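Chains as they are written, first to last, in our numbering: chain A, 853 to 1202; chain B, 853 to 1202; chain C, 853 to 1202; chain D, 853 to 1202. Cβ coordinates follow ideal geometry from the N, Cα and C atoms, glycine included. Computed from a prediction, not measured in an experiment: that's the story for all the values here. Single-structure report; data block below.
Protein chains: 4
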Amino acid sequence: MEKIKVGILGATGMVGQRFIQLLENHPWFEISALAASERSAGKSYTEAIAGRWKLDTSIPARIEGLGVKKCIPDLDCRLVFSALDANIAGTVEEEFARAGYVVSSNSRNHRMDEDVPLLIPEINDDHLKIVDEQKKRRQYKGFIVTNPNCSTIGMVLALAPLHKEFIINKIMVTTLQALSGSGYPGVASMDIMDNVLPFIGSEEMKMETEPQKILGRFENNKIVMADITISASCNRVPVTDGHLESISIELEKKPSRQDVIDVLKEFNPLEEFDLPSSPSRPIVVREEDDRPQPRYDRNEGNGMACVVGRVRECPILDYKFSVLSHNTIRGAAGAAILNAEYMKVKGLLK
Amino acid sequence: MEKIKVGILGATGMVGQRFIQLLENHPWFEISALAASERSAGKSYTEAIAGRWKLDTSIPARIEGLGVKKCIPDLDCRLVFSALDANIAGTVEEEFARAGYVVSSNSRNHRMDEDVPLLIPEINDDHLKIVDEQKKRRQYKGFIVTNPNCSTIGMVLALAPLHKEFIINKIMVTTLQALSGSGYPGVASMDIMDNVLPFIGSEEMKMETEPQKILGRFENNKIVMADITISASCNRVPVTDGHLESISIELEKKPSRQDVIDVLKEFNPLEEFDLPSSPSRPIVVREEDDRPQPRYDRNEGNGMACVVGRVRECPILDYKFSVLSHNTIRGAAGAAILNAEYMKVKGLLK
Amino acid sequence: MEKIKVGILGATGMVGQRFIQLLENHPWFEISALAASERSAGKSYTEAIAGRWKLDTSIPARIEGLGVKKCIPDLDCRLVFSALDANIAGTVEEEFARAGYVVSSNSRNHRMDEDVPLLIPEINDDHLKIVDEQKKRRQYKGFIVTNPNCSTIGMVLALAPLHKEFIINKIMVTTLQALSGSGYPGVASMDIMDNVLPFIGSEEMKMETEPQKILGRFENNKIVMADITISASCNRVPVTDGHLESISIELEKKPSRQDVIDVLKEFNPLEEFDLPSSPSRPIVVREEDDRPQPRYDRNEGNGMACVVGRVRECPILDYKFSVLSHNTIRGAAGAAILNAEYMKVKGLLK
Amino acid sequence: MEKIKVGILGATGMVGQRFIQLLENHPWFEISALAASERSAGKSYTEAIAGRWKLDTSIPARIEGLGVKKCIPDLDCRLVFSALDANIAGTVEEEFARAGYVVSSNSRNHRMDEDVPLLIPEINDDHLKIVDEQKKRRQYKGFIVTNPNCSTIGMVLALAPLHKEFIINKIMVTTLQALSGSGYPGVASMDIMDNVLPFIGSEEMKMETEPQKILGRFENNKIVMADITISASCNRVPVTDGHLESISIELEKKPSRQDVIDVLKEFNPLEEFDLPSSPSRPIVVREEDDRPQPRYDRNEGNGMACVVGRVRECPILDYKFSVLSHNTIRGAAGAAILNAEYMKVKGLLK
């Protein structure tokens, strides 16, 4: 099988680097184009990255000498992964979609657009149908699909089977988020050594709105928002990778603790497709008191699973637990790649 | 004025060390006796501590050579501060109280005894009346007074004025707790470097029960528990000192955000007494988005104030905010000393 | 090819865990026996480990239920890897060797015995000849082979080609060592958060003596110590894995900087054997100013390479540079496995 | 006594903040002027700092509303402390000196000028005589005095008495430097979490040259450089404050270990002056194996002492030891203030 050529928009940032790392040796996709800011354009990737490669594997040999282009839609590929900064992602992604590219975006700009799927394929694959509407309305030859924010995605992945089975009415969540989520250079070391930050700009708003769309129903050619009351408090902690979240939920139906655990463990809607980035189980339930922990659990399922632990009753709502997921894999680049893989098996990349 | 002689039980542990540090140059109290385990008894304090002094000021010169005694009630002092391990604190404190000592304890053993005050003098000074009952029932010549757990105390200090003014029905709290709270050696570095622990043994239970007593009413010679539903989720983070807590509350009356802030700012019930360890304001409200932070705010009021920030509406309960307090000062040794200072001005140390 | 059965002595400690992790899917070796302390014996491995598995991959499924035995020489295997504590390793390893087992040990007890190889196969494979002497003298049916201390091994690996080519007279080394080197629970978090420890017990002595043996010549059936003056200063830093060392050396011959770099880059004496744990190059030279760094470089060559950077002239000795190696892979379990692989191709495991 | 009015150039940076903190309640000096970049000029200090106050005490009340001026020599004060960035410090300090101000600078620009003292008053107070030459040559009404780089100053303070007594020929030093030394935002958290950086730009050059001047003799109206061979290797570690250095020295005379310790302990040349910022002893010698440590020892002498430990023989040079000093107090703002205090008692501020 010939591999599908893909491009990466914003290839030099931290999420861009993850795309490159995760796509090395990908069985279906092959990077044929890298694009970044004007400053980087015209340089080889190694020159453009200028020592700012921040992963513990090396730049793949094939990528080192690849020339970086501008973010304009004349890249030699059919699909682009977007890791662009929010200040430019909006229009650049539109230009690519208009020109016929499929855009799998990790940027926040179009996430809440009513004709753009905010996709987690385990959860709301039917939302993909909205792309027909998108193409029609916007007169795009291609289309845009987005994945949720890094702190939203782990939470919703864990909550989706519970919502489906028992209907969630309320979610109270407090996060302990990793540093890589803020890019590079991101958080200054003097701000986080021996410290915790009780605030992450606009993160709580994202966590309180994105799940409504992801868990919404697709009806009459529209995504109808779910009606869940969500309260989020976001903290930054001195951890490199892995967002940990203390979550409490109120459910419409009242399952037993074992029911909750069983539903989490059995959730595996993508099993049949055998997607390259799909973990053997999207939700791993740990029964020990003291798990999940970022350093030990973030790489579960190659960083694509979320790990749930400490499932117990909540005196105020119904159940509470801790959820961990890798914020730059399942929470960013890996999510966009999984979305593309799913679109591929669904025939959307033709 | 002659200083009151005080002893320290469990003088070699981390809380014991804080007692020694905070009592150096205390205007009212003077350490006249140190007591610790059999292993330490008979040695000078410096010998007993054996390099395990874990504070950034030196052992006070006067203390270095002081002999460490056994924890039996023949110490030359009237008041003892207890920093004993829970496995022995119960009986040792009883023996001291029986023998006529006033015991100001940081240990958890007697906190929930119905005839023992769980005292925060800004909040429930009337609970001190229960000591008459305690002496009578138990035939003690002295008595025991306790302070709350380190994660409870900062939270309840911030909540007390709101409870008094608006009546709290529900508290949802997620903690990000410092390492010093687990003593020494406590948490292994391999467990917390680049990591977070989602579990602290029995901490959630303490946070869900102690506030009921602290905020309870003293009626008919009894402490009547408050009736607040509390849900706590406790995490350990890589921070040396300072517990940060994300808290959400439901109130019976519905104040405005500004009302909440004003009530917090105006709270200062001990002002008139001018106690040596009392901060100029027990609650400091910060208006910046990104405060409180452990490294910058834990020493507010010499570690005796709690700092509240990010007061905002909660979509599920009524208001949410972040609270920080120093866990080994206001949350342990400083709390027990403040309790003793308050008892002194109330004539209870005679 | 049938796999060789191997056992692990001290299987529950941190180095024991690394052995298990690294031997999963090993093409030549298969774990058939686990042994540990009396306390663990009789339990399944999962029971024995009791939540203290401290690696970011899971316990291999095949190992979970494997029964843990006592450390006595009736294990079903030919080769044992020893990760035993120094307080028992001495006699236990002797008993196994006497009974006919090949012992590949990471423990320090027999490292400096004159009839025991202190082996780094890239450097002193001829020292293996001493095992004949060892068997004869001690009347062993098997024999003991050791690998160096974690801080020694990275340094000597980088220095060996320079010693061979230019003869090293003096080595001045200051280490910045990772936490995993001290086992579990090891360093208390309160001792290392926002801190550095300027002392590691007996580490400097090991670094000043072990290289003399490793770099010694095998002559007349004896290992003749090298005559290098070494001065080591050892520090512990808040890093999980990866020892970084600032090294300066005086050379007998006076090569150019480029000569030094070339000799380091070209070193690859095991290339012909294609050993499973051997990295494609044992020494990786980085030319950037700011490498090697523990988090980014410790996994070079699957943790079996050492990374050298900042090669420059030293105003006092001749050249100085930074060396990094993974302390629990190349510096412990991986080293012992590589030694065993080398012995296998040399026919010593028959 | 009326206080001397002082200004701070570069008042909003991390060193500028330390000046403000350390000068609050200073018995001799009073801040009357704050100056910073164009961007800050015209604002109140609190507005200019815009949430970037990075110390654990609050901005002094008197300073909060003080207006920030441009860095031009019309400030209402006689003495200015300079915490300017190196890219502008050169000319700005010259303009102030020309206009008649005494400039006590922490910036590196004029440190190595032959007519500018690189002052540590305990060591080379006679170098102050060069200011006459400076004023004459440059036609300044005021003059410039500098203090050394943060990593140099602790080392030289510890070495000066040994040089005086035994003559140092060689210094080999490896540093483990704190984060605050690189300003704000400085080192990105993603670069230093679970990591160490083996490189600090131009730091090694400073450490290899500045001591030559500090320890030089003042002869025939000139500072004659010392003739010491120095080799420095500089590392950045995840510690907030406090530079730790592993140092080895060769001495011309060969003292015993006890002689070395005695000379360090007895060093106290400023004792007679009773300067406000002078510690009771500039060098504190610790005899424990595992000291000094940054978190516990950086505040020794209010951050103005250096702490020496692990004094022992070096197999290559003569003696080796560890030295710690607070890099933003003794290594920056505190050093410049001590220099000013010394100049005051010497009549140079008239």
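Query raised in the report: Considering only residues of the same chain and omitting the five flanking positions on each side of C:Arg1164, which have a CB-CB separation below 8 Å?
Result: Arg1109, Tyr1171, Lys1172, Phe1173
Requested in this report: Determine the DSSP secondary structure at C:Ala888, reduced to helix, strand or coil.
Outcome: strand
Query raised in the report: Apart from the five residues on each side of it in sequence, which residues of its chain come closer than 6 Å, Cβ to Cβ, to B:Leu918?
Result: Leu886, Tyr897
Query raised in the report: What is the C-beta distance between B:His962 and B:Glu985, in whole angstroms, given that I count them as a contact (C-beta under 8 Å)?
Result: Contact doesn't hold; Cβ gap of about 14 Å is too wide.
Report task. Using a Cβ cut-off of 7 Å (strictly closer), state whether A:Asn1047 contacts chain B. Result -> yes
**Report entry** Straight-line gap, C:Ile1101 to C:Ala1157 (C-alpha atoms, nearest Å)
**Finding:** 21 Å
Query raised in the report: Would a check of beta-carbon distances place C:Ala1185 closer than 7 Å to chain B?
Result: no
Query raised in the report: Of all the residues that make up the segment 1145-1174 of chain A, which are near chain C by a beta-carbon distance shorter than 7 Å?
Result: Arg1147, Tyr1148, Asn1151
**Report entry** Distance, D:Tyr1148 Cα to B:Thr998 Cα
**Finding:** 30 Å
Report task. Per DSSP, which residues does D:Glu1071 bridge with? Please list them. Result -> D:Lys1074
Query raised in the report: Using CA coordinates, which residue listed in B:Asn939, B:Lys987, B:Asn1047 is at the minimum distance from B:Tyr953?
Result: B:Lys987
Requested in this report: Rank D:Ile901, D:Ser1083, D:Asp977 by C-alpha distance to the C-alpha of D:Leu1169 and give the top, closest one.
Outcome: D:Ser1083
Report task. Assign B:Asn877 to one of two classes, buried (16 or more other C-beta atoms within 10 Å of its C-beta) or exposed (fewer than that). Result -> exposed
Query raised in the report: Could you check where the alpha helix (DSSP H) with D:Tyr897 kicks off and where it finishes?
Result: 897-901
Query raised in the report: Taking Cβ positions, are A:Asn1154 and A:His1095 nearer each other than 7 Å?
Result: no
Report task. Could you give the DSSP three-state label for B:Val1048: helix, strand or coil? Result -> coil
Query raised in the report: What are the uninterrupted segments assigned as beta strand (DSSP E) that are 3 or more residues long and contained completely in the segment 1101-1184 of chain C, given in chain order?
Result: 1135-1138, 1158-1165, 1171-1177
Query raised in the report: When Cβ atoms are compared, which residues of the segment 898-920 of chain B fall closer than 9 Å to chain D?
Result: Gly903, Trp905, Lys906, Leu907, Asp908, Thr909, Ser910
Query raised in the report: Does the segment 857-867 of chain C come within contact of the segment 1026-1038 of chain C, defined as at least 3 CB pairs closer than 8 Å?
Result: yes
Requested in this report: Please report how far the alpha carbon of D:Pro912 lies from the alpha carbon of D:Leu875, in whole angstroms.
Outcome: 10 Å
Query raised in the report: If you drop the 5 nearest sequence neighbours on each side, which residues of the same chain put their C-beta closer than 6 Å to that of B:Ser1085?
Result: Thr1026
Query raised in the report: alpha helix (DSSP H) containing A:Gly919: first to last residue?
Result: Careful: A:Gly919 lies outside any alpha helix (DSSP H) and carries neither H nor E.
Query raised in the report: Thinking C-beta only, is D:Asp967 closer than 7 Å to D:Arg989?
Result: yes
Query - A:His979 beta carbon less than 7 Å from that of A:Ile1075 - result: yes
Query - Distance, A:Ala1184 Cα to A:Phe1070 Cα - result: 24 Å
Query raised in the report: Between the beta-carbon of C:Ala1030 and the beta-carbon of C:Gly994, is there less than 7 Å?
Result: no
Query - Burial state of B:Met844, where buried means 16 or more other Cβ atoms lie within 10 Å - result: Past the edges of chain B, shown from 853 to 1202, lies residue 844 of chain B, and the structure says nothing about it.
Query raised in the report: A:Glu1102 touches chain C at which residues, Cβ-Cβ below 7 Å?
Result: Result: empty, since nearest Cβ-Cβ is about 31 Å, beyond 7 Å.
Query raised in the report: According to DSSP, which residues form a beta bridge with D:Thr998?
Result: D:Ser957, D:Leu970
Query - Near-chain B residues of the segment 1085-1116 of chain A (beta-carbon distance less than 7 Å), N- to C-terminal order - result: Ser1085, Asn1087, Val1089, Pro1090, Val1091, Thr1092, Leu1096, Ser1098, Ser1100
Query - Whole-number beta carbon distance between A:Gly862 and A:Asp937, since they are thought to touch under 8 Å - result: 7 Å
Requested in this report: If I'm right that C:Pro1000 touches C:Ile1066 with Cβ under 8 Å, what's the distance once you round it to whole angstroms?
Outcome: 6 Å
Query raised in the report: How many whole angstroms separate the CB atoms of B:Ala935 and B:Ile860, which I take to be in contact at a CB cut-off of 8 Å?
Result: 7 Å
Query raised in the report: Count the other CB atoms within 10 Å of the CB of A:Ser1054; is the residue buried (16 or more) or exposed (fewer)?
Result: exposed
**Report entry** Contact residues within the segment 1124-1147 of chain A, judged by C-beta distance below 8 Å to chain C
**Finding:** Glu1140, Asp1142, Arg1147
**Report entry** Identity of the residue in D:Asn939, D:Pro1063, D:His1015, D:Cys929 nearest D:Lys1105 by Cα
**Finding:** D:His1015
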